[in-house]
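Colleague: So the sequence lines, in the order shown, correspond to chains X, S, R, Y, L and U.
Following the numbering used here, the numbering of the first sequence begins with 1 at its first residue and continues without gaps.
Following the numbering used here, the numbering of the second sequence begins with 1001 at its first residue and continues without gaps.
Following the numbering used here, the numbering of the third sequence begins with 2001 at its first residue and continues without gaps.
Following the numbering used here, the numbering of the fourth sequence begins with 3001 at its first residue and continues without gaps.
Following the numbering used here, the numbering of the fifth sequence begins with 4001 at its first residue and continues without gaps.
Following the numbering used here, the numbering of the sixth sequence begins with 5001 at its first residue and continues without gaps.
Ideal placement from N, C-alpha and C gives every residue a C-beta, glycine not left out.
Sharing a structure here in structure tokens format.
There are 6 protein chains.
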Amino acid sequence: MASLKPIEYAAATAEVRAVFDDIKQSRQIKDVNNFWKYLAHDPPTLKRTWESIKEVMAPGALDAVTKEMVYLAVSVTNGCGYCIASHGAAARRAGMSEAMFGELLAVVGMANETNRLANGYRVPIDPQFEQ
Amino acid sequence: MASLKPIEYAAATAEVRAVFDDIKQSRQIKDVNNFWKYLAHDPPTLKRTWESIKEVMAPGALDAVTKEMVYLAVSVTNGCGYCIASHGAAARRAGMSEAMFGELLAVVGMANETNRLANGYRVPIDPQFEQ
Amino acid sequence: MASLKPIEYAAATAEVRAVFDDIKQSRQIKDVNNFWKYLAHDPPTLKRTWESIKEVMAPGALDAVTKEMVYLAVSVTNGCGYCIASHGAAARRAGMSEAMFGELLAVVGMANETNRLANGYRVPIDPQFEQ
Amino acid sequence: MASLKPIEYAAATAEVRAVFDDIKQSRQIKDVNNFWKYLAHDPPTLKRTWESIKEVMAPGALDAVTKEMVYLAVSVTNGCGYCIASHGAAARRAGMSEAMFGELLAVVGMANETNRLANGYRVPIDPQFEQ
Amino acid sequence: MASLKPIEYAAATAEVRAVFDDIKQSRQIKDVNNFWKYLAHDPPTLKRTWESIKEVMAPGALDAVTKEMVYLAVSVTNGCGYCIASHGAAARRAGMSEAMFGELLAVVGMANETNRLANGYRVPIDPQFEQ
Amino acid sequence: MASLKPIEYAAATAEVRAVFDDIKQSRQIKDVNNFWKYLAHDPPTLKRTWESIKEVMAPGALDAVTKEMVYLAVSVTNGCGYCIASHGAAARRAGMSEAMFGELLAVVGMANETNRLANGYRVPIDPQFEQ
Chain X
1 MASLKPIEYA AATAEVRAVF DDIKQSRQIK DVNNFWKYLA HDPPTLKRTW ESIKEVMAPG
61 ALDAVTKEMV YLAVSVTNGC GYCIASHGAA ARRAGMSEAM FGELLAVVGM ANETNRLANG
121 YRVPIDPQFE Q
Chain S
1001 MASLKPIEYA AATAEVRAVF DDIKQSRQIK DVNNFWKYLA HDPPTLKRTW ESIKEVMAPG
1061 ALDAVTKEMV YLAVSVTNGC GYCIASHGAA ARRAGMSEAM FGELLAVVGM ANETNRLANG
1121 YRVPIDPQFE Q
Chain R
2001 MASLKPIEYA AATAEVRAVF DDIKQSRQIK DVNNFWKYLA HDPPTLKRTW ESIKEVMAPG
2061 ALDAVTKEMV YLAVSVTNGC GYCIASHGAA ARRAGMSEAM FGELLAVVGM ANETNRLANG
2121 YRVPIDPQFE Q
Chain Y
3001 MASLKPIEYA AATAEVRAVF DDIKQSRQIK DVNNFWKYLA HDPPTLKRTW ESIKEVMAPG
3061 ALDAVTKEMV YLAVSVTNGC GYCIASHGAA ARRAGMSEAM FGELLAVVGM ANETNRLANG
3121 YRVPIDPQFE Q
Chain L
4001 MASLKPIEYA AATAEVRAVF DDIKQSRQIK DVNNFWKYLA HDPPTLKRTW ESIKEVMAPG
4061 ALDAVTKEMV YLAVSVTNGC GYCIASHGAA ARRAGMSEAM FGELLAVVGM ANETNRLANG
4121 YRVPIDPQFE Q
Chain U
5001 MASLKPIEYA AATAEVRAVF DDIKQSRQIK DVNNFWKYLA HDPPTLKRTW ESIKEVMAPG
5061 ALDAVTKEMV YLAVSVTNGC GYCIASHGAA ARRAGMSEAM FGELLAVVGM ANETNRLANG
5121 YRVPIDPQFE Q
């Protein structure tokens, strides 16, 4: 059995189109990414995920580019190919320069290394960091 | 067989003390964290890790607080208890407010969720994100 | 040096053919998946893995479709492309509808999100969940 | 700097109390788990996470115990101690017997093993599983 | 509901005792580790896991200490506290010196770092490594 | 926005060429792998990563083939496709036979399985493994 196919706007239900319209308007784009066209197979998840993303990624105490870089850092750590591609592009649109990208990956690499050094040496948490 | 014990300054070799001294001077602290006292069991790793951290975490295209928040985002994704505690404290010292911390975790959570939605729906990368 | 090639039935040893025959008979299929043709490079691992899978995936206190969905949930969390494809198909054959698949991924997504919120906030285990 | 403390009902804002009240009423419990008392430090995340959980975990095409077991399978794969404890308890409350729990962990273990065998042997996806 | 308790030899069924006896005899130890006392809640998983471990960890093309170090490297990468403690001890019993342990963790750290650099830079596989 | 392109020697700065030259000389190869051609976008990371790899992977208390197998075990656990391909080739060049490769993957698979069994059963660390 083959995998699912994307649901294009022309073939979408009114419920799905409403979410697609909101994504397109919020982001000022002509068509939504594949991610949303696949989530459209489960309209409640499409709607909930978009509304959560819209709320979480809106600039607040952190600005848009910082949020996109954090998203990218998590995606790189998890090895999600789709998310690295799409949020790498989103971070660049939000203002991440190549120098910022290079430093971001350097930090992500070091954190993944030292996380395992801390695990491997079984380092106990210092009292000043404890409750 | 029990796990390793931390190596305190008084018991350290000259090679280890030189690294401890540089950490203390760079960070203006009186004593190094447990992480370094355990790495001291392998002096080349202690030295290489500290020099890499010092280079990578120095402000550049990204400022110190952004770098510490990215470090924390990776550590939370990997579930490294020690690193969450120590880099949570480091991020706060570098200027992360409670509002910034809340938004950081919200982004980390969403990224971990959508990474799996992209995996599960086997979403192909859009042509505009491809090479 | 190139990667390994699959071992087809015609080129397999008697030891490998015996496992392939058992897989084909148990699952009522004409040929085994690539997974088994690659494991055939290490016959003891082929045999042990098949016997373990046959025992673990047999209906018991949990039925076949629930077991396949759990397998898929783990594979999606780990981002294993091959396993998502093969166990997605297996789960559908065992009775997973598209509605069940959509809800499964929604739960997998939420669990991956809240696992990190629990990590990030360093939530202590409530006494009623402790030993 | 120490980690955060739980926010108890008596000290909570009206916004937080409204979410706590809805959790308590929906689950017919006297007090909310630590997870919610920590999320309360970020009221929008508390509200969004609870509303998402309530929607996603409601019985639908999958029943409550299956959803809780999938949640537990993900948490075990990620090694989230808090979530293993809390969703292990939730799954038992929803009807997971010890026999079901044993089979669940056996499947989770096998999936984590074979995910890596598929990675390590670089097994290509069979044509019948491809798009 | 509290978590499970270990099953001690005195309280074990004949089926469980047979596995415990084989572990004790194979390893020349007086009592089995907690890991086996918990698996005893699911006797088929106890038996299958022990027989697989006994087969996989036996010296063959790789010697015992190399196998234990690989086990430890995986456990450190996954952050499994129990497994880091128990397989750290097993690796030392099998002959891992402190110098070997230090170099092992250094490699584990570097691999975790460069895995993410390869992900983040979306490095395509060189033709000579491809099928 | 498209992903980055590799930086070839002819187009590289003197700083990057110096690292490429050292890699080629140390490994006695005519051209560097794609990994290094992508890291070249961030010269400090290129230099630091190469110097760390050269130090960490040099034979010491562990020989070259053991180090490459540990690197491969971590990459398989993380599911890093590039690293599995490149370090699989490196391990074979360093002397890993097909029999050693088969046993390596069998251990990696078992460790990933039992890591989750230990998590799921919430096995407490035995006193003899504790500090």
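In whole angstroms, what separates the C-alpha of R:GLU2008 from that of R:ASN2033?
Modeller: Their Cα atoms are separated by approximately 10 Å.
Colleague: Output yes if chain L places a C-beta closer than 8 Å to the C-beta of Y:PRO3127; else output no.
Modeller: No, no contact with chain L.
Colleague: Is there a C-beta anywhere in chain X that falls below 8 Å from the one on S:GLY1095?
Modeller: No - not a single Cβ of chain X is within 8 Å of the one on S:GLY1095.
Colleague: Any C-beta of chain R sitting closer than 8 Å to the C-beta of S:TYR942?
Modeller: With chain S covering 1001 to 1131 only, the question about residue 942 of chain S has no answer from this structure.
Colleague: Given a threshold of 16 other Cβ atoms within 10 Å of its Cβ, counted over all protein chains shown, does Y:LYS3005 qualify as buried or as exposed?
Modeller: Exposed, because fewer than 16 other Cβ atoms sit within 10 Å of the Cβ of Y:LYS3005.
Colleague: For my contact list, S:LEU1046 and S:VAL1076 are in at a C-beta cut-off of 8 Å; report their separation, rounded to the angstrom.
Modeller: Actually they do not touch by this definition, with Cβ atoms about 25 Å apart.
Colleague: Work out the CA separation of R:VAL2065 and R:GLY2102 for me, nearest whole Å.
Modeller: When rounded, the distance between both Cα atoms is 14 Å.
Colleague: Closest to R:TYR2038 by CA distance: which of R:TYR2121, R:GLY2088, R:TYR2082, R:VAL2108 is it?
Modeller: It is R:TYR2082.
Colleague: Spell out a yes or no on whether the segment 3109 to 3119 of chain Y and the segment 5098 to 5115 of chain U are touching, meaning 3 or more CB-CB pairs, one atom from each, closer than 8 Å.
Modeller: Yes, since at least three Cβ pairs between the segment 3109 to 3119 of chain Y and the segment 5098 to 5115 of chain U fall closer than 8 Å, the two stretches touch.
Colleague: When DSSP labels each residue in this structure, what does X:GLY79 get in the three-state scheme?
Modeller: Looking at X:GLY79 - three-state DSSP - the assignment turns out to be coil, as it is neither helix nor strand.
Colleague: In whole angstroms, give me the CA-to-CA distance for U:ALA5010 and U:ASP5022.
Modeller: Computed Cα separation, rounded: 16 Å.
Colleague: Taking only the alpha-carbon atoms, compute the straight-line gap between U:ARG5122 and Y:GLY3088 and give it to the nearest angstrom.
Modeller: Spanning the two alpha carbons is a distance of roughly 10 Å.
Colleague: Taking 8 Å as the CB-CB limit, is U:PHE5035 close to chain L?
Modeller: Chain L contact via Cβ: present.
Colleague: Compute the distance between the beta-carbons of L:VAL4016 and U:MET5069, then report whether it is under 8 Å.
Modeller: No, these two residues do not count as a Cβ contact at 8 Å.
Colleague: Return the CA-CA distance between Y:ASN3078 and S:GLY1079, expressed in angstroms with no decimal places.
Modeller: Each residue's alpha carbon lies about 8 Å from the other.
Colleague: Would you please state the rounded distance, in angstroms, between the beta carbons of S:GLU1055 and U:ARG5048? I believe it to be under 8 Å.
Modeller: Between U:ARG5048 and S:GLU1055 the Cβ distance is about 6 Å, and since that is below 8 Å, they are a contact.
Colleague: Give the straight-line distance between the Cα atoms of Y:ALA3040 and X:PRO44, rounded to the nearest whole angstrom.
Modeller: Answer to the nearest angstrom: the Cα atoms are 25 Å apart.
Colleague: Throw me the rounded Cβ distance for the U:ALA5085 and L:ILE4125 pair, which I believe falls under 8 Å.
Modeller: About 5 Å; that satisfies the 8 Å criterion.
Colleague: Exposed or buried, which one is U:SER5052 when buried takes at least 16 other CB atoms within 10 Å?
Modeller: When all chains shown are included, U:SER5052 counts as buried.
Colleague: Specify, as a first and last residue, the run of the alpha helix (DSSP H) that U:PHE5129 falls within.
Modeller: Where U:PHE5129 is concerned, there is no enclosing alpha helix (DSSP H), given that its DSSP letter is neither H nor E.
Colleague: With DSSP as the reference, label L:GLU4008 as helix, strand or coil.
Modeller: Three-state result, L:GLU4008: coil.
Colleague: Grab me the residues of R:ASN2112's own chain with a C-beta within less than 8 Å of its C-beta, minus the 5 sequence neighbours each way, in chain order.
Modeller: Within the same chain, R:ASN2112 has close Cβ partners THR2077.
Colleague: Could you run through the segment 1079 to 1113 of chain S and flag, in chain order, every residue whose CB is less than 8 Å away from some CB of chain L?
Modeller: If the cut-off is 8 Å between Cβ atoms, the segment 1079 to 1113 of chain S has GLY1079, CYS1080 near chain L.
Colleague: If you draw a straight line from the C-alpha of X:LEU104 to the C-alpha of L:ALA4014, how long is it?
Modeller: The alpha-carbon atoms of X:LEU104 and L:ALA4014 are separated by roughly 57 Å.
Colleague: Once DSSP output is grouped into helix, strand and coil, what is the label at S:GLY1088?
Modeller: Note: S:GLY1088 maps to helix in three-state DSSP.
Colleague: Are there 16 or more other CB atoms within 10 angstroms of the CB of X:ALA58, so buried, or fewer, so exposed?
Modeller: X:ALA58 is exposed by the Cβ-count criterion.
Colleague: Quick check: Y:VAL3074 and R:ALA2073, are their CB atoms within less than 8 Å of each other?
Modeller: Yes, they are a contact pair.
Colleague: Helix, strand or coil for L:MET4001 per DSSP?
Modeller: Legend: pLDDT at L:MET4001 = 48, less than 50; position of this residue unreliable, no value from coordinates given.
Colleague: Using only CA atoms, which one of S:ILE1029, S:ALA1012, S:GLY1095 lies nearest to S:ASP1063?
Modeller: It is S:GLY1095.
Colleague: Leaving out five residues before and five after U:LYS4984 in sequence, what residues of the same chain have Cβ atoms less than 7 Å from its Cβ?
Modeller: Residue 4984 of chain U is absent from the model: chain U starts at 5001 and stops at 5131.
Colleague: What residue range does the alpha helix (DSSP H) around U:ILE5053 cover?
Modeller: Run containing U:ILE5053: 5043 to 5057, per the alpha helix (DSSP H) assignment.
Colleague: Excluding the five sequence neighbours on either side, which residues of its own chain have a C-beta within less than 7 Å of the C-beta of S:ALA1012, listed in chain order?
Modeller: Excluding positions up to five away in sequence, the list reads PHE1020, ALA1040.
Colleague: Given that X:ALA15 touches chain Y, what residues does it touch there, using C-beta distances under 8 Å?
Modeller: According to the sequence shown, residue 15 of chain X is Glu rather than Ala. By Cβ distance, chain Y contributes nothing, its closest Cβ being about 15 Å from X:GLU15, past 8 Å.
Colleague: At the 8 Å Cβ level, is L:VAL4076 part of the contact set with chain X, yes or no?
Modeller: By this cut-off, L:VAL4076 is an interface position.
Colleague: Over the uninterrupted alpha helix (DSSP H) stretch that includes L:THR4114, give me the two end residues.
Modeller: 4098 to 4120 is the extent of the alpha helix (DSSP H) around L:THR4114.
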